[in-house]
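Peer 1:
There are 2 protein chains.
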Amino acid sequence: MTFMTGVSAFPITPASADGKVDTAALRTLLGRLLAAKVDSIGLLGSTGSYPYLTREERRRAIEVAVDATGGTTPLLVGVGALRTDDAVRLAQDAKAAGATAGLLAPVSYTPLNDDEVFEHFAAVARASQLPLCIYDNPGTTHFTFGPALVGRISHLAGVVAVKSPAPDAGAVATHLAELRCAVPAGFSVGFSVDLNAVEALLAGGDAWYSVAAGLFPQICMQIVQAVRDKDATEARRLNARLQPLWELFREFSSLRVVYAAADLLDICRAVPPRPILPLAEPARKKVATTIRNLGLS
Amino acid sequence: MTFMTGVSAFPITPASADGKVDTAALRTLLGRLLAAKVDSIGLLGSTGSYPYLTREERRRAIEVAVDATGGTTPLLVGVGALRTDDAVRLAQDAKAAGATAGLLAPVSYTPLNDDEVFEHFAAVARASQLPLCIYDNPGTTHFTFGPALVGRISHLAGVVAVKSPAPDAGAVATHLAELRCAVPAGFSVGFSVDLNAVEALLAGGDAWYSVAAGLFPQICMQIVQAVRDKDATEARRLNARLQPLWELFREFSSLRVVYAAADLLDICRAVPPRPILPLAEPARKKVATTIRNLGLS
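So the sequences go chain by chain: U and W. The first sequence begins at 1 in the numbering used here and counts up one residue at a time. The second sequence begins at 1001 in the numbering used here and counts up one residue at a time.
(1) Nearest to G98/U by alpha carbon, out of C181/U, Q129/U and V117/U?
(2) Looking at C-beta atoms only, is the number of pairs between the region 143-153 of chain U and the region 94-112 of chain U that lie closer than 8 Å three or more?
(3) Mind checking who K1095/W pairs with in its DSSP beta bridge?
(4) For K163/U, count the other beta carbons within 10 Å of its own beta carbon; 16 or more makes it buried, fewer makes it exposed. Which is it?
(5) By Cβ distance, which residues of its chain are closer than 7 Å to A65/U, with the 5 residues on each side in sequence left out?
(6) Show which residues of chain U have a CB atom less than 7 Å away from the CB atom of L1255/W.
(7) Return the first residue and the last residue of the beta strand (DSSP E) that V159/U is part of.
(8) With distance defined between alpha-carbon atoms, name the residue in A235/U, E56/U and D39/U nearest to D86/U.
(9) Leaving out five residues on either side along the sequence, give the residues of the same chain with a beta carbon under 7 Å from the beta carbon of A1283/W.
(10) Please report the distance separating the alpha-carbon of F1010/W from that of D1194/W.
(11) Which whole runs of the alpha helix (DSSP H) in the region 1199-1239 of chain W are 4 residues long or more, in chain order?
(12) For A1025/W, which three-state DSSP category applies?
(13) Contact check, L245/U vs V227/U under 8 Å by CB: the rounded distance?
(14) Within a Cβ cutoff of 8 Å, which residues of the same chain sit near D22/U, ignoring the five residues on either side of it in sequence?
(15) When you check each C-beta in the region 1049-1079 of chain W against every C-beta of chain U, which residues fall closer than 8 Å?
(16) Apart from the five residues just before and just after D115/U, which ones in its own chain have a Cβ nearer than 6 Å to its Cβ?
(17) Here's a check: name, in chain order, each residue in its chain whose Cβ is nearer than 8 Å to the Cβ of G1019/W, leaving out the five neighbours to either side.
(18) Count the CB pairs spanning the region 155-173 of chain U and the region 212-220 of chain U that are closer than 8 Å, and state whether there are at least three.
(19) Do you know how far the Cα of L264/U is from the Cα of P1165/W?
(20) Do you know offhand how far N1196/W's Cα is from Q1243/W's?
(21) Can you name the residues of chain U whose CB is closer than 8 Å to the CB of G1019/W?
(22) Quick check: the Cα distance between L90/U and T110/U, rounded to an integer number of angstroms?
(23) Note down, one range per segment and in chain order, each beta strand (DSSP E) of at least 3 residues found wholly within the region 1109-1160 of chain W.
(24) So if DSSP puts F343/U in a beta bridge, which residue, or which two residues, is it bridged to?
(25) What residues from the region 1258-1278 of chain W come within 7 Å of chain U, judged by C-beta to C-beta, listed N to C?
(26) Please classify G1045/W: does DSSP put it in a helix, a strand, or coil?
(27) Since G1139/W meets chain U, which of its residues come closer than 8 Å, beta carbon to beta carbon?
(28) So, does the CB of E957/W fall closer than 8 Å to a CB anywhere in chain U?
(29) Under the three-state reduction of DSSP, which class applies to V271/U: helix, strand or coil?
(30) Note down, in chain order, every chain W residue with its Cβ under 8 Å from the Cβ of V227/U.
(31) Starting from S254/U, follow the alpha helix (DSSP H) in both directions and report where the run begins and ends.
(32) At the level of alpha carbons, what is the spacing between D1206/W and P1184/W?
(33) State yes or no: is the C-beta of I291/U within less than 8 Å of the C-beta of A261/U?
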């Protein structure tokens, strides 16, 4: 399935202060991704602030995206929720609205153990019949997947991919090899964490789940094209150019940076859901300088 | 205000598999706490699974508790939510229903910074006019409060207490002193983490926010009485007796243990909200043995 290779672009979900999705702004963002021919779209990911939106607003966002893609570009949709029954309903909604697959993170408040996460995935996969990508994002869920648990879940019917946070260059090959040993043949092993993603792709990762590509899809597609062309030098050169952006992500978080950048570039006027605050002026100036110096638009 | 001293007992919130609060079972649990004359009740705390319950169910639980206490026992209510506007509404609901104070934790998905948490507290305190206790629970929120931030928030109008996780005996006096320096005179500094709470009380902490007391209030009241009587030896002797319970909490988590114990003792039949699973049989047997050996009922 093509949605599990190449660049999966994760846009923000522009919304009002009271959590209503701004469908016009979302269409603008999606239009940029479709124009750049990204390999897939990761709607309502962590960058898309899915846990901060109601079921109804999440459904509205999916409907806009299904309409915008017109079935041409695979659409992954975040279906995570604290409660298993809520995650089931969200996955059913995504399936009914025409999403290609669901991104399921083990959202937690009470820390979960492996058996609980396994049963959570089993319940959502079974009840929704939506293909699922294991969304491993310990920075937000505070749950850490070991390769053994990824392996267990990967053998559930309907689970088709894993999105794993890429460790740094020195560790990514081993990490990928451990995951490959744990999952069935043909199972997609892809990576998030933009600043480490190029090395993960060069090591043989199937997909790059990218925050940067949600706003700047062209440069990310160029990097993946270089990897596809087996031109590691060019992929690394393009990635090295983006180092100032990765530094901003590290300093201020990718989510806050892409909100500021979208605003600075007049792409859309949106702020993150409170309590998350827009970047303060000094940080915002750094973002402005960086995107100007990099020629990003 | 008396609700910020002594034992604050945190019961589970019995609910059906689809998240409807079992008001009869909740009344049973509350009746045990009132009979033991706990100093306050911490309804809808982390042990009360508040983030897993809808606004409507949380309101129902508060109404039952207000009715059960009849105003005799201070009632603290968890009002935390991912979104600031949701936390405001929950605090307004709690105030309208007659809660004494709100427990506000910085529930997070996207990791929050200090300014964001400060503004979150300021917004909820201002808009609800409900007295607030800073609910510092890094094990669930993954946000770490430094003394400086506790100090900043403690000076907001309407913020009256902090519930801090007690470090072990070697560190608690320093931790308490740091908090005391940061907060205004008369501000209540209390502690959670049952296994470390007695030393925190002996060091001068104002309150013990207790999971164990939510199910076994009498023994916890005896411990606090010994502290009030300045009988450290007796307080430590009683606490040492409970060591096997604290070990269970450490091994299986306090929440899962109290659910199992409530069921084993025929106090109420409830299971945690999925994805959290009831303890498996070997662990359940350990709980049964321990509560029998300790004579808990």
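We treat Cβ as the ideally placed atom computed from N, Cα and C, and that holds for glycine.
Peer 2: This is what the structure holds:
(1) As a working note, residue 98/U is residue 98 in the first sequence. Nearest neighbour of G98/U by Cα position, chosen from C181/U, Q129/U and V117/U, turns out to be Q129/U.
(2) Yes: the two stretches touch, three or more of their Cβ pairs being nearer than 8 Å.
(3) The residue labelled residue 1095/W in the question sits at position 95 within the second sequence. Answer by DSSP bridge pairing: none, since K1095/W is not bridged.
(4) Reading the first sequence from its first residue, position 163 is the one you call residue 163/U. Label assigned to K163/U: buried.
(5) The residue labelled residue 65/U in the question sits at position 65 within the first sequence. The answer, listed in chain order, is L30, I41, L43 and L75.
(6) Within the second sequence, the letter at position 255 stands for residue 1255/W. Under the 7 Å cutoff, chain U gives T110.
(7) As a first step, residue 159/U must be located in the first sequence, where it is residue number 159. Membership of V159/U in the beta strand (DSSP E) is indicated by the continuous run V159 to P165.
(8) Here residue 86/U refers to the residue found at position 86 when the first sequence is read from its first residue. Considering only alpha carbons, the answer is E56/U.
(9) Numbered from its first residue, the second sequence carries residue 1283/W at position 283. Sequence-distant partners of A1283/W (beyond 5 residues in either direction) whose C-beta falls short of 7 Å from its own C-beta, in its chain, are F1252.
(10) The residue labelled residue 1010/W in the question sits at position 10 within the second sequence. The residue labelled residue 1194/W in the question sits at position 194 within the second sequence. In this structure, the CA atom of F1010/W is about 11 Å from the CA atom of D1194/W.
(11) Taking only runs of at least 4 residues, the alpha helix (DSSP H) segments lying wholly in the region 1199-1239 of chain W are 1217-1228.
(12) The residue labelled residue 1025/W in the question sits at position 25 within the second sequence. In the displayed model, A1025/W falls within a helix according to three-state DSSP.
(13) In the first sequence, residue 245/U corresponds to position 245, counting from 1. In the first sequence, residue 227/U corresponds to position 227, counting from 1. Contact doesn't hold; Cβ gap of about 18 Å is too wide.
(14) Sequence index remark: in the first sequence, residue 22/U carries index 22 (1-based). Hits under 8 Å: P14, A15, S16, C268 and A270.
(15) Within the region 1049-1079 of chain W, the qualifying residues are S1049, P1051 and Y1052.
(16) Counting from one through the first sequence, the residue named residue 115/U turns up at place 115. Answer for D115/U: no residue qualifies.
(17) Taking the second sequence and counting its residues from 1, the one referred to as residue 1019/W is at position 19. Result list for G1019/W: Y1052, L1053, T1054, E1057 and P1273, in chain order.
(18) Using a Cβ-Cβ distance cut-off of 8 Å, the region 155-173 of chain U and the region 212-220 of chain U are not in contact, since fewer than three pairs of beta carbons, one from each stretch, lie closer than that value.
(19) To locate residue 1165/W, count along the second sequence from 1; it is residue 165. To locate residue 264/U, count along the first sequence from 1; it is residue 264. C-alpha separation (whole angstroms): 41 Å.
(20) Counted from its first residue, the second sequence places residue 1196/W at position 196. Counted from its first residue, the second sequence places residue 1243/W at position 243. Rounded to whole angstroms, N1196/W to Q1243/W spans 11 Å at the Cα level.
(21) Within the second sequence, the letter at position 19 stands for residue 1019/W. G1019/W reaches chain U at R83 and D85, counting residues in chain order whose Cβ is nearer than 8 Å.
(22) In the first sequence, counting from the first residue as 1, residue 90/U sits at position 90. In the first sequence, counting from the first residue as 1, residue 110/U sits at position 110. Spanning the two alpha carbons is a distance of roughly 21 Å.
(23) If we require 3 residues or more, the beta strand (DSSP E) runs fully inside the region 1109-1160 of chain W come out as 1132-1135.
(24) Summary: the structure shown does not reach residue 343/U, with chain U confined to residues 1 through 297, and so no result is reported for it.
(25) Listed in sequence order: P1273, R1274, P1275, I1276 and L1277.
(26) Your numbering for residue 1045/W matches position 45 in the second sequence. Coil at G1045/W, not helix or strand.
(27) The residue labelled residue 1139/W in the question sits at position 139 within the second sequence. Using a Cβ-Cβ cut-off of 8 Å, G1139/W is close to P111 of chain U, given in chain order.
(28) Here chain W has residues from 1001 to 1297 only, and residue 957/W is not among them.
(29) Working through the first sequence from its first residue, we reach residue 271/U at position 271. In the three-state reduction of the DSSP assignment, V271/U falls in the coil class, being assigned neither a helical nor a strand state.
(30) Here residue 227/U refers to the residue found at position 227 when the first sequence is read from its first residue. Chain-order list of chain W residues neighbouring V227/U: empty, with the shortest C-beta distance near 29 Å, by a criterion of under 8 Å.
(31) Here residue 254/U is taken as the residue at index 254 of the first sequence, counted from 1. S254 to L264 is the span of the alpha helix (DSSP H), which, as asked, contains S254/U.
(32) As a working note, residue 1206/W is residue 206 in the second sequence. As a working note, residue 1184/W is residue 184 in the second sequence. When the Cα atoms are used, D1206/W and P1184/W turn out to be separated by approximately 14 Å.
(33) For the purposes of this step, residue 291/U is identified with residue 291 of the first sequence, where counting begins at 1. For the purposes of this step, residue 261/U is identified with residue 261 of the first sequence, where counting begins at 1. Taking the C-beta atoms as reference points, A261/U is found nearer than 8 Å to I291/U.
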